[in-house]
Every structure is written in structure tokens, then in C-alpha cells.
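Residues in the sequence shown are numbered from 106 upward in steps of one, following my numbering.
Ideal placement from N, C-alpha and C gives every residue a C-beta, glycine not left out.
The next block holds one structure in the form of C-alpha cells; read it before the comments.
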Amino acid sequence: MIAIVTGSGRGIGRSIAVRLAKEGFAVAINVKRHLDEGEETLREVERYSRGILVQADVATREGAAALVGEALRAFGSVDVLVNNAGLGIARPLAEVDEALWDKLIDTNLKSVYLVTKEVLPHMIGKRRGSIINITSIAGMTGLANLVPYSAAKAGVIGFTKALAAEVGSMGITVNAIAAGLVKTKMGDSLVKYVGKTEDEWAADHTLTGSAVDPDEVAELVAVLATGRIRNMTGQVLVIDSGSSLVESRRFSSSG
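Okay, here's the thing in C-alpha cells:
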């Protein structure tokens, strides 16, 4: 079994890549810039299975094609695609210029379209495959000062449902995982924006009192990727420490 995991140099992506390797998947690891992080992920993956590292900007057509092409050359097939690459930058919409808007939409949404479009013909040809999109509760509830990110993640949810309807009869499942605050560098930067530590934010905004561990997201991915659940498609699985059940709070210093 072969998997591609975009944005897998660190954080959630690294946890997913390693977890799939433990399941016996050969894994194509992807980074945009930080090769050292990708190499560390590769070393961890190779403790359990085969892996390759592809440096490519999956928010571009050329980068998406390069990633999928390298995976096919190395492994001959793609069974699972995990669209994980993402970027969150917190600031009021009035301070978001067009360049930043495009960067956030391209990284979080356009990349999902581009890589999926490259992979899909191979899955259709085999009449088998699993596409798993990592989204966010921001795409379900919206978060103040994260308008572009929320818009992109909402788009990922719509993409997931529409594509599932389109390819379900072809043996391909498409699902999404919506995470809340995760213990990653990006999550840490968001809570710092509101002047809090991760523990302080989690105490106020979650039911469990803790942010999500990346390995927990990876466990959900593994269940979907291995086909242990074959009749789930077009769904959004939420793992957010119960934060979506807590009164919505602003990503602001007063929040």
C-alpha cells in the first residue's frame, strides 16, 4: 500500500506519515522548504517501511505534479492521499492584503484540488483509493481574525463532500478530519497571538482541558486509510477536545 502525505515535515503531517508507515504503507513525504524536517520524518518512516522525500510546493500545479510523479516512479501506485499541507496566520481581515489572502487560500485549499487532481486518475483506474483531507473546526464555525484560513478550511469541507459524491461509485472514499487546537508550531503561534499559553487557552476553550495531540489525528487517518471502515465517505470527523461545544470565543486579546 502506498500513501502520499502533503506537508509532512513536522506536526500533524509527520505523525500521519509515521503512523501509516507503522501500518505497512510506503510513504511519500512532502515539504515545501524545510528539508531538514522532511529528512527527520523520512528517518522515522524508514524505521517501519519504505519512504521517499519530495520537496515541492503543492500549492502550484508543477509542485503537485512533481510530488505525485515521484511517488508513482518510486512505488508504482498511490492508494491513499492525505492532503495535510496547511498554514494559519492570525490577524484582522482589514490587515490581510491580497497577497496574504492568496497565500492562505492556495496553501489550504488550492493544494487540495491540485494534488487530488493528479492522484485521481490513478485511483479511478484501479477503482480503489482513499482521500483524506485535514481541515479544521475553523471551517465549520469560523474564527475571528482567521477569516482566510476559515474560508479555505470551509472550502475543503465542501470539496470533500462534493468529490465523495462524484467518485463514490468508483471505489474511492473521500473524508475529512476537522481538528481543533493541535499541539504543533502552528497551534502554538495561534494561542500566542491571543497572549496565552496552550494550557491557558485549552483550559478556557475545551471540554477536556487539553489540546489535541498530533498522534490522535494520525490514528483517525490510519483507520480511514487502512480500509477497516469501508462504507464511510463524504464525512467530516471532528477531533477538537470538545471546543466546538464551548461558547465560541474570538481569537483576540480580549477573548
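The segment 315-327 and the segment 242-250 do not touch, with fewer than 3 CB-CB distances between them shorter than 8 Å.
In the same chain as Gly260, and ignoring 5 residues on each side of it, the C-beta atoms closer than 7 Å to its own belong to Leu214, in chain order. With respect to His310, Val351 sits close: the two C-beta atoms are nearer than 8 Å. In the three-state scheme derived from DSSP, where H, G and I count as helix and E and B as strand, Ile117 is classed as helix. Rounded to the nearest whole angstrom, the CA to CA distance from Ala267 to Ala256 is 17 Å.
Judged by DSSP in its simplified three-state form, Ala195 adopts coil rather than helix or strand. Within the model, the alpha-carbon separation for Ala161 versus Ser294 is close to 24 Å. Residue nearest to Gly244 within the set Leu186, Asp345, Lys301 and Val187 is Asp345 (criterion: CA-CA distance). In the three-state reduction of the DSSP assignment, Leu286 falls in the coil class. Separation of the CB atoms of Thr265 and Ala281 is rounded to 4 Å, and the pair is thereby assigned contact status at 8 Å. In the DSSP assignment, the residues bridged to Thr278 are Ser235. Measuring C-alpha to C-alpha distances from Leu286 to each of Ile239, Ala269, Ile277 and Ala270 identifies Ile239 as the nearest. Here the alpha carbons of Ala327 and Val343 stand approximately 15 Å from one another. By the beta-carbon neighbour count (other beta carbons within 10 angstroms, threshold 16), Asp184 is buried. By alpha-carbon distance to Arg152, the top candidate from Gly118, Glu142, Arg124 and Val252 is Arg124. With a threshold of 16 other beta carbon atoms within 10 Å, Leu312 falls short and is exposed.
Selection Ile117, Ala284, Arg335 and Glu223 evaluated against Ser274 yields Arg335 as nearest (Cα-Cα).
Of the other Cβ atoms in all chains shown, 16 or more fall within 10 Å of the Cβ of Met228; this residue is therefore buried. Inter-segment contact for the segment 196-210 and the segment 165-185 is absent: fewer than three beta-carbon pairs are separated by less than 8 Å.
Counting the other CB atoms within 10 Å of its CB gives Pro253 a total of 16 or more, which places it among the buried residues.
For Gly156, the enclosing beta strand (DSSP E) starts and ends at Gly156 to Gln160. Per DSSP, Ala133 is one residue of the beta strand (DSSP E) stretching across Ala131 to Val136.
If you check the CB distance, Thr212 and Gly181 do not come in under 8 Å. In this structure, Ile157 is the residue among Gly116, Lys127 and Ile157 with its C-alpha nearest to the C-alpha of Asn135.
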